[in-house]
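What follows is one structure encoded as structure tokens, with my remarks underneath.
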Amino acid sequence: MTVRTRSLQSILLATAADLLVKFKEGIAGLPRSKLMQISMDGPSVNWSFLDKYEDNLIQEDIEEKLLHTGSCGLHVINGAFQTGHQESCWKVNSVLHAMYCLFKGVPARRALLTDLTECKTFLKKFCQIHWTVNASVADAALKLYDNVSIFVKEEKKLPKGLSSATIIKESSADPLLACNSKSDGRIIPSFSHQLQCLRFCMMI
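Mapping of the sequence shown onto my numbering: position 153 corresponds to residue 158, and the numbering continues sequentially without gaps.
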């Protein structure tokens with residue numbers, strides 16, 4: 006399944022009252038029944054537009070409804086996912102962050118890891134608020150985790166009390182860490198990709 010994102014066109018508006026008319030002109034030629042979501046940044050005029058647009062769908066006998074996920078769908082989905090992560094007491098966020106920070110900007114520490122484990126790759130940057138695109142980070146972390154775990158346990162040159170090393174050491178006692186990491190990295194991207202493939206989404 007391939008997701009393609011592209012800009013259709015930009016339309017200048019004079020007043021809020023123009024929004025519905027101009028929007029329909031902008032997507033002319035596209036099947037409106039396939040429109041799944043209209044994303045926005047939150048201004049009140051956009052909520053009013055959504056009401057008008059859905060009324061117009063009814064008037065034109067289009068049965069398919071829009072998906073509502075709040076003023077910013079990606080933030081809402083990510084926020085719900087993070088709430089579930091916290092309530093489940095998963096430690097994936099902190100472990101991925103620790104694995105990245107442990108070697109960020111410290112070439113000597115990277116060299117020590119390579120000397121000890123022969124590992125020459127390092128974790129990509131992890132951003133907690135971008136879980137919808139973190140599948141590749143989680144996958145890379147799973148491949149690196151054993152080497153990094155050995156490193157923090159055996160390397161004597163690490164500063165005492167280094168928080169990132171402590172987090173990684175403690176995580177090694179969690180038998181479900183690998184399973185949780187795969188879930189964290191794949192559930193939301195998979196949902197997001199399928200969502201976009203089923204119909205098309207618009208940004209206003």
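Yeah, the Cβ is synthetic: ideal placement off N, Cα and C, and Gly gets one too. All of these numbers come straight from a predicted model, not from anything done at the bench.
Practice task
Please report how far the alpha carbon of Gln91 lies from the alpha carbon of Lys27, in whole angstroms.
Solution key: 42 Å
Practice task
Starting from Ser176, follow the alpha helix (DSSP H) in both directions and report where the run begins and ends.
Solution key: Ser168 to Ser176
Handout entry: Coarse secondary structure for Ser99, derived from DSSP in three states
Key = helix
Exercise for the section: Just tell me which of Val111, Glu160, Asp151 and Ala146 has its CA closest to the CA of Asp120. Expected result: Glu160
Problem - Spatial distance of Phe127 from Ile67 (CA atoms) - result: 51 Å
Problem - C-alpha distance - Ser176 paired with Ser76, whole-angstrom precision - result: 36 Å
Exercise for the section: Please work out which residues of its chain come closer than 7 Å, Cβ to Cβ, to Asn61, disregarding the five sequence neighbours upstream and downstream, and give them in chain order. Expected result: Leu25
Practice task
Please determine, among Arg9, Ile43, Trp95 and Thr10, the residue with the shortest C-alpha to C-alpha distance to Ala178.
Solution key: Trp95
Exercise for the section: Could you check if Val81 is buried or exposed, using at least 16 other CB atoms within 10 Å of its CB as the buried criterion? Expected result: exposed
Handout entry: Rounded C-alpha distance that separates Leu40 from Ala103
Key = 40 Å
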